[in-house]
Amino acid sequence: MNKLIIGSILSATMLWGGSFSWVESVPVVRSKPIYKTVTIREPYEICRDERVPVTYNEMEEVPAALIGGAAGGVLGHQIGKGRGRDAATIGGALVGALMGANIVRHHRRVRYTTRRVCETRYRTHRERRFVHYKNIAWYQGRRIVKFSQRPLRRIRIRLTARY
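Final position of the sequence shown in our numbering is 174; the numbers increase by one with none missing.
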């Protein structure tokens, strides 16, 4: 009778199919730390003071040209008579304006100013960084690997039997 019950249970489970699972703890045979090398770029600045000439402004010639034109016009008015006096005044004013602007242009002192110039550069260095532990265990001739942040003593594995 017992054989009949066991046989019917086995045949019923084979027809329907089934499985069951359990957890076992397997000892770790080796825990190996894994590192990776990273390149780090650190920025830094190099600064220096630089002498720079002040830019030329053509508007600086205007007052000298006006003064030179007025002086040339006065001197030109002193020369000549009648209609020649008008031409001498206009010519003196033109020559005086050109001379005044030219004197300022050629006798200008070069002015300098100091400005700070900075340039960003980078230092690079390599650094080894910890990634994780590679824990290795063996179960029935199969290698089991589990990664973790600390070395493990045992690895828990789930086993499933199907029938």
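C-beta atoms are modelled at their ideal positions from N, C-alpha and C, and glycine is treated no differently.
Check                                                                                                                                                                   : Outcome
Mind checking tyrosine 46: buried by the 16 CB within 10 Å criterion, or exposed?                                                                                       : exposed
Which one or two residues does DSSP pair with asparagine 146 in a beta bridge?                                                                                          : Ser42, Lys157
Does glycine 93 come within less than 8 Å of chain D when only Cβ atoms are used?                                                                                       : Note that chain D does not occur in the displayed structure, where there is just one protein chain.
Quick one: using the 10 Å Cβ neighbour count with 16 as the cut-off for buried, is alanine 172 buried or exposed?                                                       : exposed
Assess contact between the segment 126-136 and the segment 146-161, defined as three or more Cβ pairs (one per stretch) separated by less than 8 Å. Is contact present? : no
Let me know if alanine 98 comes out buried or exposed under the rule of 16 or more other beta-carbons within 10 Å of its beta-carbon.                                   : exposed
Are the CB atoms of tryptophan 33 and leucine 163 nearer to each other than 8 Å?                                                                                        : no
Mind reading off the beta-carbon distance from glycine 84 to glycine 111? Whole number of angstroms is fine, and I expect it under 8 Å.                                 : About 12 Å separates the two Cβ atoms, so there is no contact after all.
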